[in-house]
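In numbering that gives the first Met the number 0, the protein residues as written are 0 to 112.
Just so you know, even glycine gets a beta-carbon here, dropped at the ideal spot from N, CA and C.
Here the structure is a predicted model, which is why all the values come from computation and not from measurement.
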Amino acid sequence: MANVIDLPIPVETLAGVVDQIMEKRGYVPAESLVGKTIKMKEFSEKYCGKKAPNWIRLFIFDEYPEINVKNGGWVVNPRRTEEGSKTIIFEKPAAEWMEKHRGEIDWNAKLPQ
Numbered sequence: 000m001a002n003v004i005d006l007p008i009p010v011e012t013l014a015g016v017v018d019q020i021m022e023k024r025g026y027v028p029a030e031s032l033v034g035k036t037i038k039m040k041e042f043s044e045k046y047c048g049k050k051a052p053n054w055i056r057l058f059i060f061d062e063y064p065e066i067n068v069k070n071g072g073w074v075v076n077p078r079r080t081e082e083g084s085k086t087i088i089f090e091k092p093a094a095e096w097m098e099k100h101r102g103e104i105d106w107n108a109k110l111p112q
C-alpha cells in the first residue's frame with residue numbers, strides 16, 4: 000500500500016482550484032449555454048419578455064435576417080418552410096446577440112390586426 004498523508008483542505012478552496020483547472024483546460028460548466036438549443040417558448044420567456052411567437056418572428060426574425068442560420072446566425076427555420084417547420088434556437092449566440100441588439104428592437108411594436 001502507498002504512503003498516504005491526510006491533508007485537511009477547506010472545500011471552498013479545493014472547489015476554487017478545481018474550477019481554475021477546468022477553465023484552463025477549456026471544460027464547460029454544466030450551467031453553460033454552449034451547445035444548447037431552446038424552443039420558441041423558452042426563448043420568449045428568457046429573452047423577449049414573453050412576447051408571442053408571431054411577434055418574435057415578425058419584429059426580430061424578419062427584421063434581422065442575419066440571425067437566420069443560413070446567413071451565419073443562430074435560428075433554424077425562423078419561418079415554416081418546405082425545408083422545415085420547427086424553429087430551433089442556439090441559445091449562447093442568441094443570448095449574446097439579444098444583449099447586443101436589445102436597444103434596436105421596437106419592444107412596443109404591435110402585431111398587425
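- For Ile20, the enclosing alpha helix (DSSP H) starts and ends at 10-23.
- Around the beta carbon of Thr86, 16 or more other beta carbons sit within 10 angstroms, so the residue counts as buried.
- Within the same chain, Cβ atoms closer than 7 Å to the Cβ of Gly72 are found at Glu65, Ile66, the five residues on either side in sequence being excluded.
- Arg101 places its beta carbon 8 Å or farther from that of Pro77.
- Short of 8 Å from the beta carbon of Met39, and not among the five residues preceding or following it, lie these beta carbons of its own chain, in chain order: Pro52, Ile55, Thr86, Ile88.
- Asn2 carries a coil assignment under DSSP once its states are collapsed to helix, strand and coil.
- Straight through space, the alpha carbons of Glu22 and Phe58 are spaced by roughly 37 Å.
- A distance of 8 Å or more separates the beta carbons of Ala1 and Phe42.
- For Asn70, the three-state secondary structure derived from DSSP is helix.
- Contact annotation: Glu98 and Lys35 have beta-carbon atoms that are not nearer than 8 Å.
- Looking at the backbone, the Cα of Ile20 and that of Trp96 are separated by about 29 Å.
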